[in-house]
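What follows is a set of notes on a single structure, which appears directly below.
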């Protein structure tokens, strides 16, 4: 696999000033930590579609090899648990994308910056959960979430922490069908990662607050509790991987009136 990736990278960037050279060397040397760092560092210098395609191919291959657990990312002591979710939400006649940051520990501010400096979490609402947890959900984003290198910046009580993240694209997912509401296409299997699963939830129509939630394994029946009041129902197919100690979730949600 590594030889094929190196050949792909060489063909994509044959110029003398090769932005993928460090990534190629890391792959040839079987240095996974260096390869992850090179992914983030090389992204801003990519100039052609062929280079960006080689970059995304390498990201997918590295993510599949150890499910991203070998990425050199360590969380700070004041933030022992952190999950980043990139989601596509489909509703009748509408589609939106969202970024959700959740975890345990102190958090006062968070930013997820793309290569142009745009903050995907800007305008999001930070909620506290059970005194120790938090959840920060972005506003609806009309554009798909592009693949690339992002910078996650967190702060709390005068403490700062940041990390460079190589993230995949979330765009036009077709993992779930609306009618019938069912799994239509599973993402490619990866032996090093957990199998995707389903998440059911009932939401208040007024503020989309959770009323009920269940996790289901693939093939398990989607059973719903009796309805009370006007609710939305949501089904999500979730695929999880890692970026070191950070959990990365990709989700496709189908949401509609109950």
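Residue numbers (the numbering used here): -16 to 241. Just so it is clear, CB atoms sit at the ideal spot from N, CA and C, and this is done for glycine as well. In this text, all values refer to a predicted model and were calculated from it rather than measured experimentally.
| Item | Value |
| --- | --- |
| Considering only DSSP beta bridges, list what residue 112 is partnered with. | 116 |
| Going by the C-beta, is residue 66 closer than 7 Å to any heavy atom of the ligand HEM? | As presented, the structure is devoid of all ligands, the ligand HEM included, so that no description of it is given. |
| Going by other Cβ atoms of all chains shown within 10 Å of its Cβ, with 16 needed for buried, is residue 101 buried or exposed? | exposed |
| Use the C-beta contact count for residue 192: other C-beta atoms within 10 angstroms, 16 or more gives buried, fewer gives exposed. | exposed |
| For residue 224, does the count of other Cβ atoms within 10 angstroms reach 16, so buried, or fall short, so exposed? | buried |
| Can you tell me where the beta strand (DSSP E) holding residue 66 begins and where it ends? | 64 to 74 |
| Scan the region 7 to 63 and note each continuous alpha helix (DSSP H) run of 4 residues or more that stays entirely inside, going in chain order. | 15 to 25 and 32 to 49 |
| Using CA atoms only, rank isn't needed, just tell me which of 5, 37 and 27 is closest to residue 134. | 27 |
| Between the region 86 to 93 and the region 54 to 72, do three or more beta carbon pairs fall short of 8 Å? | yes |
| Spatial neighbours of residue 196 within its chain, please: C-beta separation below 6 Å, excluding the five flanking residues on both sides. | 184 |
| Hey, how far is the Cα of residue 141 from the Cα of residue 208? | 45 Å |
| Measuring only the C-alpha atoms, how far is residue 206 from residue 1? | 54 Å |
| Should the region 65 to 78 be called in touch with the region 28 to 37, which here means at least 3 C-beta pairs below 8 Å? | no |
| Using DSSP with H/G/I as helix, E/B as strand and the rest coil, what is residue -14? | Note on residue -14: pLDDT 48, under 50, position unreliable in the model; the coordinate value appears next. Helix, per DSSP. |
| In the DSSP assignment, find the beta strand (DSSP E) that holds residue 145 and state where it starts and stops. | 142 to 150 |
| In whole angstroms, give me the CA-to-CA distance for residue 158 and residue 52. | 24 Å |
| My assumption, with CB atoms under 8 Å, is that residue 244 sits in contact with residue 198. Please give the rounded CB distance. | In this structure the chain extends from -16 to 241, so residue 244 is not present and cannot be described. |
| Using a Cβ-Cβ cutoff of less than 7 Å, which residues in the same chain neighbour residue 107 once the five nearest sequence positions on both sides are dropped? | 119, 120, 121 and 122 |
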